[in-house]
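Asks: If you count the sequence shown from 1, you need to add 96 to reach our numbering.
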Amino acid sequence: MGDIESPGEYAVSVGGTVEQLENAHNLFDRNAFEAEYQVIRGGLNIASNSQSHKRVVLEERDVVIVSLTKASARVESSKEEGTVSAESQLQELLEERVVPNGELQSIGRGAQEQVNKFSDYELQSGDVLFIELPGEEGFNKEFLIDRAGVIRLPEIGQLNVAGLMLKQAEKIIVRRMSEIFLGLDKLTIRLKEKRLLVTVLGFVEQPGDVELPGNGNIQVAINQAGGFVDGALLSRLQLRRDGETITFDFKKYLDTGDEKVLPNLRSLDEIFVPSTPELSNIHGKPLKSLEDKEVDSISDREVIKVFGEVIKPISFGYEEGVNVLDAMLKGGGITRYANVEQIRVLSGSEPIMFNLKKYLDSGSVDELPELLPGATVYVPIRVDSISASPRRVYVMGQVQKPGSFETAEDVSFLDVISDAGGPNRYADITAVRILRRSGEVVPFDLEAFTEGRVEVVPTIKSGDAIFFPEKPANEDSSWFRTPTSESVKVLGSVIKPGRYEWSETVDFIDYIGNAGGPAERADLAHIKIITPGPDNERIVTEFNMQEFMEQGGDWSDLPVVKGGSTLVIPELPDSPIDNNANWVKLPKENSIYIMGAVIQPGRYAFNKNLGFLDILSAAEGPNKEADLSRIRVIHRNEGIPRVTKVDLLTFFETGDESLLPKVKSGDTIFIASRTRKWTEQEPEDTVRIMGAVATSGRYEFTTNMTILDLLAEAGGPNETAYIEKILIVNNSCCEESRASTFDLVDFMKDPDGESLPVLRAGDTIFVPEVSQSNWRSFNSLVTDTGGILNVLLLLTNLGWFTP
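1) Assuming A265 contacts G245 under a Cβ cut-off of 8 Å, what Cβ separation, rounded to an integer in Å, is found between them?
2) By the DSSP assignment, the alpha helix (DSSP H) with S901 in it spans what residues?
3) Could you tell me whether the Cβ atoms of I767 and G660 are closer together than 9 Å?
4) F501 to Y490, Cα distance in whole Å?
5) Give me, in chain order, the residues of the same chain whose beta-carbon lies closer than 6 Å to that of I626; leave out the 5 immediate sequence neighbours on both sides.
6) Report yes or no: do three or more beta-carbon pairs, one from the stretch 230–242 and one from the stretch 277–297, lie closer than 8 Å?
7) Where does the unbroken alpha helix (DSSP H) through E633 begin, and where does it stop?
8) Between the alpha carbons of S485 and E505, how many angstroms are there, rounded?
9) Please name the residue in A128, P103, T113 whose C-alpha comes closest to that of V162.
10) Would you mind giving the Cβ-Cβ distance between T578 and E597, rounded to the nearest angstrom? I have them listed as a contact below 8 Å.
11) Considering only their Cβ atoms, is the gap separating L229 from L262 smaller than 9 Å?
12) The beta strand (DSSP E) spanning Y133 covers which residue range?
13) Quick one: is Y522 buried, meaning 16 or more other Cβ sit within 10 Å of its Cβ, or exposed?
14) Could you spell out where the beta strand (DSSP E) holding S687 opens and where it closes?
15) Given a threshold of 16 other Cβ atoms within 10 Å of its Cβ, counted over all protein chains shown, does T341 qualify as buried or as exposed?
16) Whose C-beta lies closer than 8 Å to the C-beta of N676 among residues of the same chain, with five residues either side of it excluded?
17) For a quick check, are the C-beta atoms of N313 and E355 less than 9 Å apart?
18) Please classify G735: is it buried, with 16 or more other beta-carbons within 10 angstroms of its beta-carbon, or exposed?
19) Could you give the C-beta distance for E415 and I477, rounded to a whole number, given that I count them as a contact under 8 Å?
20) Mind checking which residues open and close the alpha helix (DSSP H) that includes S363?
21) Among S534, V528, M97, which residue has its Cα nearest to the Cα of E543?
22) Which two residues bound the contiguous beta strand (DSSP E) that contains A561?
23) Taking three-plus beta-carbon pairs below 8 Å as touching, is the stretch 810–825 in contact with the stretch 839–851?
24) What does the alpha-carbon distance come out to for the pair I605 and G588?
25) Enumerate, from N- to C-terminal direction, the unbroken beta strand (DSSP E) stretches of 3 or more residues contained entirely within the stretch 780–811.
26) Look up R617 in the DSSP assignment and say whether it is helix, strand or coil.
27) Suppose contacts are defined by Cβ-Cβ distances below 9 Å. Is R732 in contact with D752 by that definition?
28) Please work out which residues of its chain come closer than 7 Å, Cβ to Cβ, to P593, disregarding the five sequence neighbours upstream and downstream, and give them in chain order.
29) Measure how close the beta-carbons of L806 and I861 come, nearest whole angstrom, since I'm counting them as under 8 Å.
30) Determine which residues share a DSSP beta bridge with K237 and list them.
31) Can you give me the Cβ contacts of E466 inside the same chain, cut-off strictly under 6 Å, excluding the 5 residues immediately before and after it?
32) Excluding five sequence neighbours on each side, which residues of the same chain lie with their C-beta closer than 7 Å to the C-beta of F747?
33) Could you give the distance in angstroms between the alpha-carbon of L333 and the alpha-carbon of F368?
34) How would you call I884, buried or exposed, if buried means at least 16 neighbouring beta carbons within 10 angstroms?
35) Quick check: the Cα distance between L190 and K267, rounded to an integer number of angstroms?
36) Quick one, which of F564, M424, P630, G417 has its alpha-carbon nearest P409's?
This is the structure in structure tokens:
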């Protein structure tokens, strides 16, 4: 004990001296202090100075008292003898260097000078220093240089070290610590990690501050910020540092992988990702439709605009090296009416006329002008293109692409209607008309030609018009001509049910598609195929098209459709609440029942891909009276009925999927109500509360409830309750009932949860009245006795009674 930092018990070898004790445990800084010792043994004091303590041999249970004085005399003597003083030693500490990355170098007199490759490293915000000083809890850990360029040291405060070389920062730290701490000969400082503190703003997923490793680059910073969002302009990223802005092309880096394109990062840099000029300048508004030729007005002078006879008028940010052909391709290319020989380009101060046809004919790059920032490309329409062509034929009426088409001398009727996409489903191909330029009308039956009844097609001349009229309303009566054995009937929930011609080359999916596809409420999991069999028998098979579409399969898995077959696509049943007549169509083997305290009880369609929560959600979930701890599932299709108990509350608390039952078609789910009559509740699931409470009765009990919960459920004890002696009768734990008492007053004074009685379902709690307490009975007895004595005394005084 004495003037040391850690008084206490210390171990020393048998026969060890005071000097060995000091050396073994480093009790004080011998360069800064001199020590005098007192060794107390068996009541005797053995005094020794700093030189004679070498001879004092310590024994077990000795008490050593250490008195320290500053080594001023030693400093003077060291100056005379040429030894190192405390002042020169501190200077040595300031001149020492540290080696980062685990190569620790001691700071103290006599340590060998080593070369530190990081000593000339300039510290910056984000770097991490590790400062180790044994015996000091506030140190021996990492210290981050924050955005202000400072580190915060215990008992010292803030030190501004950013911008200093590591050796300079080290000197400042040691100088400041020497003012407060002793024993700096074991102080170690090293550069633990280089980090970069960077801010990423603009069109990224998570704009804000990010931390990067010392070798991090622009791409790492963008990834830390969540990456780009749609609409980011990669070619014009900005790096802001010390008031200056550097613009660089990140898209070029992605295209070439040339890291020289990216500027190097430093701490406190700011990266800004701009948006493409194509985005609207109103937050939350969708972009205007390009098909309506409505393009946002762009204020950026470097935006390139393309409009006119292009598929998609567009404006986009300027990219170095972009030419007029690139710009038109970004607009989806030109339309069929574009005047490719007179494309106007306004790039710079002088307009340019670009001949695309000439460029395509020659392939000369000199004919392809490059665009400058802010250029405009206009593709005009060929106004005279319709009337100027010597070979032009017009196709009108019920065809896929009506319009005018250029032809040559050898182009036939079939070539022209093929260019128009052919007749559509509404065309009457038996009454095609060719309108000659001279006014002559030539009828033509295309159906007869396809059936071989007509062998010659009309010739087509320049200026002719081909007209396909719409079929009359009674045209559908032609299906009577197809026999039943060569037709397929598609019925039920499809867009266009009807009777269709059968062919061996047409499969099941083709028939569904020809009928317009399934309707919105089609039940694709239970499609029935009725196929004619031998002896006028009808064979019914079922196909799960829903599973085929979701999980895939081989085309051979599709059912074979024969002539005379009938495809029936059933409709999903409506809610029994909305339409009580339709849900009965659903077979019971494809349904499940849910009853009780749900918002929409009823009978619901069910398949093997659905689970317990799916059918509960279909019923719109439990209502506010539902008892989620008492759900029952009755399994009816297992031969012998079986009931599964479900505690949905425990599932919601734990998330354990194993608590959910496996339900099948035909099962019944019942959710009990919390407000049901007490006669409907099982006695073994409740606790009875009687006596002086607000509402006595039977209450449901769970394992996480205590007597306090039950008393609160019953409205609490009333004013006349004798709560010092609440009686609990345990009926569930043992063969014989046992009773115990609980003092609620003592518990309120000392609320120890372990003193609460253990309750189980089936137990009984009785809260007595104050009038039933022993003390009240005693008071009543005393009061009655006093009254009798007063009467006897009165009678004695009147002489009516002699004791």
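Backbone N, C-alpha and C fix where the C-beta goes; we use that ideal spot for every residue, glycine too. Predicted model only: the values in this text are computed from it and were never measured.
Replies: On the basis of the data shown:
1) The residue given as residue 265 occupies position 169 in the sequence shown. The residue given as residue 245 occupies position 149 in the sequence shown. With 8 Å as the limit, A265 and G245 do not qualify as a contact, their Cβ atoms being about 11 Å apart.
2) Here the chain comprises residues numbered 97 to 899, so residue 901 is not present and cannot be evaluated.
3) Within the sequence shown, the letter at position 671 stands for residue 767. Within the sequence shown, the letter at position 564 stands for residue 660. In this structure, G660 does not lie closer than 9 Å to I767 by Cβ.
4) In the sequence shown, the residue the question calls residue 501 occupies position 405. In the sequence shown, the residue the question calls residue 490 occupies position 394. In this structure, the alpha-carbon of F501 lies about 6 Å from that of Y490.
5) Mapped onto the sequence shown, residue 626 falls at position 530. Here the set comprises R634, V636, T662.
6) Touching, yes, given that three or more Cβ pairs across the two stretches are closer than 8 Å.
7) Locating residue 633 in the sequence shown gives position 537, counting from the first residue. That residue, E633, is in no alpha helix (DSSP H); it is neither H nor E in DSSP.
8) For the purposes of this step, residue 485 is identified with residue 389 of the sequence shown, where counting begins at 1. For the purposes of this step, residue 505 is identified with residue 409 of the sequence shown, where counting begins at 1. Confidence in S485 is poor, its pLDDT being 49 and thus under 50, which makes the residue's placement too unreliable to answer from.
9) Locating residue 162 in the sequence shown gives position 66, where the first residue counts as 1. Closest option to V162, judged by alpha-carbon separation, among A128, P103, T113: P103.
10) Mapped onto the sequence shown, residue 578 falls at position 482. Mapped onto the sequence shown, residue 597 falls at position 501. Their Cβ separation, rounded to whole angstroms, is 5 Å, which keeps T578 and E597 in contact under 8 Å.
11) Walking along the sequence shown from the start, residue 262 turns up at place 166. Walking along the sequence shown from the start, residue 229 turns up at place 133. Taking 9 Å as the Cβ cut-off, L262 and L229 do not qualify as a contacting pair.
12) In the sequence shown, residue 133 corresponds to position 37, counting from 1. Unbroken beta strand (DSSP E) run through Y133: 129–137.
13) Start at 1 with the first residue of the sequence shown, and residue 522 comes out as number 426. Under this definition Y522 is an exposed residue.
14) Taking the sequence shown and counting its residues from 1, one reaches residue 687 at position 591. Start and end: 687–692.
15) Taking the first residue of the sequence shown as 1, we reach residue 341 at position 245. Burial call: exposed.
16) Sequence index remark: in the sequence shown, residue 676 carries index 580 (1-based). Low confidence applies here, because N676 scores a pLDDT of 40, under 50, leaving its location unreliable and the question unanswered by this model.
17) Mapped onto the sequence shown, residue 313 falls at position 217. Mapped onto the sequence shown, residue 355 falls at position 259. Their beta carbons are under 9 Å apart, which means N313 touches E355 by this criterion.
18) Numbered from its first residue, the sequence shown carries residue 735 at position 639. It counts as exposed.
19) Counting from 1 along the sequence shown, the entry for residue 415 is found at position 319. Counting from 1 along the sequence shown, the entry for residue 477 is found at position 381. Rounded, the Cβ-Cβ distance is 28 Å, inconsistent with contact.
20) Looking up residue 363 in the sequence shown gives position 267. Note, S363: premise wrong, no alpha helix (DSSP H); not H, not E.
21) For this step, residue 543 is matched to residue 447 along the sequence shown. The candidate whose alpha carbon is nearest that of E543 is V528.
22) Taking the sequence shown and counting its residues from 1, one reaches residue 561 at position 465. Here the beta strand (DSSP E) through A561 covers 561–564.
23) The stretch 810–825 vs the stretch 839–851: in contact.
24) Taking the sequence shown and counting its residues from 1, the one referred to as residue 605 is at position 509. Taking the sequence shown and counting its residues from 1, the one referred to as residue 588 is at position 492. Cα-Cα distance, rounded: 15 Å.
25) 782–787, 793–796
26) By one-based count along the sequence shown, residue 617 stands at place 521. Collapsing the DSSP output to three states places R617 in coil.
27) By one-based count along the sequence shown, residue 732 stands at place 636. By one-based count along the sequence shown, residue 752 stands at place 656. Not a contact, by the Cβ cut-off of 9 Å.
28) Looking up residue 593 in the sequence shown gives position 497. Around P593: V586, L587, A611.
29) By one-based count along the sequence shown, residue 806 stands at place 710. By one-based count along the sequence shown, residue 861 stands at place 765. With 8 Å as the limit, L806 and I861 qualify as a contact, their Cβ atoms being about 6 Å apart.
30) The residue given as residue 237 occupies position 141 in the sequence shown. DSSP lists I227 as partners of K237.
31) Here residue 466 is taken as the residue at index 370 of the sequence shown, counted from 1. Cβ within range, chain order: N419.
32) As a position in the sequence shown, residue 747 is number 651, starting the count at 1. Taking F747 as the centre and dropping the five residues before and after it, the same chain places the C-beta of L755, L756 closer than 7 Å to its C-beta, in chain order.
33) Within the sequence shown, numbered from 1, the residue matching residue 333 stands at position 237. Within the sequence shown, numbered from 1, the residue matching residue 368 stands at position 272. Rounded to the nearest angstrom, the two C-alpha atoms are 6 Å apart.
34) If you number the sequence shown from 1, residue 884 lands on position 788. It is exposed - the Cβ of I884 has fewer than 16 other Cβ atoms within 10 Å.
35) In the sequence shown, the residue the question calls residue 190 occupies position 94. In the sequence shown, the residue the question calls residue 267 occupies position 171. Any reading at L190 must be qualified, since the residue scores a pLDDT of 41, below 50, and its modelled position is unreliable; the value itself is stated next. A direct Cα-to-Cα measurement between L190 and K267 gives close to 5 Å.
36) Here residue 409 refers to the residue found at position 313 of the sequence shown. It is M424.
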